[in-house]
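S.K.: Its first residue numbered 1, the sequence shown is counted upward by one per residue in this note's numbering.
Cβ atoms here follow ideal geometry from the backbone N, Cα and C, with glycine treated the same way.
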Amino acid sequence: MWVEVALGTALAILLYLSFQKPRGLPPGRLGLPLIGYLPLNGKSIEEQVKVLHQQYGDICLWRMGTQVVVFINNYQLTKEVFSSKSFTNRPNWDMLTLEEKVPLGVFASNGHVWHTNRRFTLRQLRDQGMGKSRLVAGIHVQARKLVQALKEQANQSAPLPQALRVGITNVIWHMIAGKTFEIGDEKLKEFEHTINQLNEATFWLGIPDFFPWLKYLPKFLQNKLFLLDRNDLLKEKLFVFFEETIQEHKASLDPNNPRDLMDAYLLDIEQTRDDPDSIRTKKDLVFLLLDLFFAGSETTTNTLMHLFYYLAMHPNIQKKLQAEIDEMLPKGTLPTLDDRPSMPYMDAVIHEILRITSLVPLGVMHCANEDTQLSGYTIPKGTIITSAFSHIHFDARHWEQAEKFMPERWLDEDGKFNGKRDGFVPFGIGRRSCVGETLARMELFIFSTAVFQSFTVAPPPGTAIDLAHDPTTPFFHNAKHQNVYVTVR
1 MWVEVALGTA
11 LAILLYLSFQ
21 KPRGLPPGRL
31 GLPLIGYLPL
41 NGKSIEEQVK
51 VLHQQYGDIC
61 LWRMGTQVVV
71 FINNYQLTKE
81 VFSSKSFTNR
91 PNWDMLTLEE
101 KVPLGVFASN
111 GHVWHTNRRF
121 TLRQLRDQGM
131 GKSRLVAGIH
141 VQARKLVQAL
151 KEQANQSAPL
161 PQALRVGITN
171 VIWHMIAGKT
181 FEIGDEKLKE
191 FEHTINQLNE
201 ATFWLGIPDF
211 FPWLKYLPKF
221 LQNKLFLLDR
231 NDLLKEKLFV
241 FFEETIQEHK
251 ASLDPNNPRD
261 LMDAYLLDIE
271 QTRDDPDSIR
281 TKKDLVFLLL
291 DLFFAGSETT
301 TNTLMHLFYY
311 LAMHPNIQKK
321 LQAEIDEMLP
331 KGTLPTLDDR
341 PSMPYMDAVI
351 HEILRITSLV
361 PLGVMHCANE
371 DTQLSGYTIP
381 KGTIITSAFS
391 HIHFDARHWE
401 QAEKFMPERW
411 LDEDGKFNGK
421 RDGFVPFGIG
431 RRSCVGETLA
441 RMELFIFSTA
451 VFQSFTVAPP
461 PGTAIDLAHD
471 PTTPFFHNAK
481 HQNVYVTVR
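1. Using the beta-carbon count (16 or more within 10 Å), is V69 buried or exposed?
2. Give the range of the beta strand (DSSP E) segment to which N41 is assigned.
3. Based on the DSSP secondary-structure assignment, which residues constitute the bridge partners of T378?
4. For I207, tell me which candidate among T66, Q76, K282 and P344 has the shortest Cα-Cα distance.
5. Using 10 angstroms around the beta-carbon of W410, count the other beta-carbons present and answer buried if the total reaches 16, otherwise exposed.
6. In angstroms, rounded to a whole number, what distance separates the CA positions of E248 and R118?
7. Please report the residue range of the beta strand (DSSP E) in which P159 lies.
8. Is the beta carbon of M305 sitting closer than 7 Å to the one on A464?
9. Relative to the C-alpha of S387, which residue among E80, Y37 and P39 is closest?
10. Please go through the same chain and pick out, in chain order, the residues whose beta-carbon is closer than 6 Å to the beta-carbon of V5, but skip the five residues on each side of it.
11. Compute the distance between the beta-carbons of S44 and G430, then report whether it is under 7 Å.
12. So the alpha helix (DSSP H) Q271 belongs to, where does it begin and stop?
13. At the level of alpha carbons, what is the spacing between Q373 and G31?
14. Is W204 near F181, with beta carbons less than 7 Å apart?
15. Which residue wins for smallest C-alpha separation from H112, given the options R355, P426 and R90?
16. Which two residues bound the contiguous alpha helix (DSSP H) that contains S387?
17. According to DSSP, is Q456 helix, strand or coil?
18. For T121, collect the residues of the same chain with a Cβ closer than 6 Å to its Cβ; drop the 5 residues on either side in sequence, then sort them by chain order.
19. Return helix, strand or coil for T333, following the three-state DSSP convention.
Spelled out as structure tokens, the structure:
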């Protein structure tokens with residue numbers, strides 16, 4: 001009798017405690033034990049976070065499964081969080097690490113691995129011309145190929161050509177491996193298909209990240225539910241793709257004349273072979289290449305697609321942009337970095353596209369390295385924390401008529417470009433901001449100028465272009481694939 005009473009009392013206490021928010025945490029929704037807060041109103045995660053901020057303020061939490069996630073909706077607080085050493089780490093989630101016990105590369109890694117790879121990558125990209133005039137010629141080659149592809153589909157309804165994606169890919173791939181792809185390259189098509197499949201697979205891989213008790217299910221059932229074997233197969237396909245190029249580089253490696261980032265990494269492997277603390281391995285190289293390949297092509301390609309769609313739907317803005325290009329550049333002359341200061345409206349259009357599209361709307365997850373005080377709250381070690389970038393980009397504290405596509409907001413009263421604005425975080429902010437930001441800005445400027453110097457982009461006759469984000473990619477604001485109508489100027 002007394003045993004049953006004691007057990008019942010203990011269970012009641014445990015249930016009571018499991019529903020209580022630990023003291024010191026920000027306000028928010030904890031939901032039920034083991035499963036957290038599961039909204040049933042059909043709204044997207046982004047919309048749910050917006051509701052949370054409306055209810056609880058600029059810092060609030062949402063327990064997703066067993067994971068406590070703190071969302072920031074304030075620019076200054078975001079800057080403080082992401083500049084702090086206390087919030088440098090990424091969560092150790094399988095969906096980020098692809099089931100690697102020690103996260104590799106630069107995106108999902110932490111500590112010494114992340115610091116070493118980030119410093120190496122920045123140095124190598126700069127050595128390969130990021131932000132420098134000598135890279136401009138290579139971008140010009142790819143921009144001219146895009147212009148030629150658009151000429152071939154002029155005066156007809158058609159999607160943006162594959163030359164756009166291949167051109168952006170070629171810029172980063174040449175810096176990485178000294179190679180470029182032809183537009184119809186079958187290996188590149190297969191690689192991109194594998195990347196898309198991997199992105200889909202990581203969604204299922206991530207379910208046990210939020211509900212870790214599912215990892216106690218029988219292995220065969222986990223595999224069926226979360227596509228574990230598929231993830232391994234896709235990783236192996238990516239390794240095979242990179243292996244051929246790595247072996248070619250090994251065979252022709254000149255220690256006195258490294259040609260690209262891959263050469264530099266292979267030399268590091270050789271030079272640190274006897275160092276027990278070295279992180280340099282072929283597997284780490286593959287993950288680093290994968291990170292750079294994705295970050296250096298997908299994000300810039302999608303931003304340009306958005307830009308072309310928005311200008312197609314805002315012809316007056318497009319005409320104003322074309323007038324600036326015509327005034328500053330002789331017909332058929334592509335811009336250099338020296339032309340950028342004299343083309344403020346182009347810069348304004350690019351920045352407004354980056355703001356209004358907010359490609360990564362909820363940022364990339366960080367986690368607390370240690371117990372930390374933040375804005376009067378206690379953030380325990382291991383707590384996930386991120387910023388609602390898309391909400392900041394529409395915050396009335398920084399942006400008037402934020403819903404409106406208005407490049408003029410980036411110009412001062414003299415018509416000069418002013419890019420120093422609070423509330424603007426398209427490349428992240430702080431210690432883990434995008435390593436390729438400078439490269440992306442170069443590509444956006446040159447590719448956009450090349451296209452609108454030569455063409456007018458419009459919706460197909462009798463139709464409109466849908467500027468809404470692709471709903472099949474809920475964690476990214478990707479552009480929908482749709483037709484445009486291009487005419488030669």
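M.R.: With the given structure in hand:
1. Stepping through the sequence shown from its first residue, residue 69 is reached at position 69. So V69 counts as buried.
2. Residue numbering aside, residue 41 sits at position 41 when the sequence shown is read from its first letter. No beta strand (DSSP E) holds N41; DSSP gives it neither H nor E.
3. As a working mapping, residue 378 is identified with position 378 in the sequence shown. Looking at the DSSP assignment, T378 forms a beta bridge with Q373.
4. Within the sequence shown, numbered from 1, the residue matching residue 207 stands at position 207. Ranking the options by Cα distance to I207, first place goes to T66.
5. Within the sequence shown, residue 410 is the residue found at index 410, counting from 1. It counts as buried.
6. The residue labelled residue 248 in the question sits at position 248 within the sequence shown. The residue labelled residue 118 in the question sits at position 118 within the sequence shown. Distance between the alpha carbons of E248 and R118: 25 Å.
7. Position 159 of the sequence shown holds residue 159. First-last of the beta strand (DSSP E) with P159: S157 to P159.
8. For the purposes of this step, residue 305 is taken as the residue at position 305 of the sequence shown. For the purposes of this step, residue 464 is taken as the residue at position 464 of the sequence shown. It is not a contact, given that the beta carbons lie outside the stated cut-off.
9. Translated into positions along the sequence shown, residue 387 becomes position 387. Cα-wise, what sits closest to S387 is E80.
10. The count along the sequence shown starts at 1 and reaches residue 5 at position 5. The predicted position of V5 is uncertain, since its pLDDT is 43 and thus under 50; a value taken from the coordinates is nonetheless stated next. Answer for V5: no residue qualifies.
11. Position 44 of the sequence shown holds residue 44. Position 430 of the sequence shown holds residue 430. Not in contact: S44 and G430 (Cβ atoms no closer than 7 Å).
12. The count along the sequence shown starts at 1 and reaches residue 271 at position 271. Per DSSP, Q271 belongs to the alpha helix (DSSP H) from L261 to Q271.
13. Taking the first residue of the sequence shown as 1, we reach residue 373 at position 373. Taking the first residue of the sequence shown as 1, we reach residue 31 at position 31. If you take the alpha carbons of Q373 and G31, they lie about 24 Å apart.
14. Indexing the sequence shown from 1 puts residue 204 at position 204. Indexing the sequence shown from 1 puts residue 181 at position 181. No, these two residues do not count as a Cβ contact at 7 Å.
15. Within the sequence shown, the letter at position 112 stands for residue 112. If we check each option's Cα against that of H112, R90 comes out closest.
16. The sequence position of residue 387 within the sequence shown is 387, counting from 1. Element bounds for S387: not the alpha helix (DSSP H) but the beta strand (DSSP E), I384 to S387.
17. On the sequence shown, position 456 is the one that residue 456 refers to. A quick correction: the sequence has Thr, not Gln, at residue 456. Reduced to three states, the DSSP call for T456 is strand.
18. By 1-based counting over the sequence shown, the position of residue 121 is 121. Result list for T121: V106 and V435, in chain order.
19. Indexing the sequence shown from 1 puts residue 333 at position 333. Coil, per DSSP.
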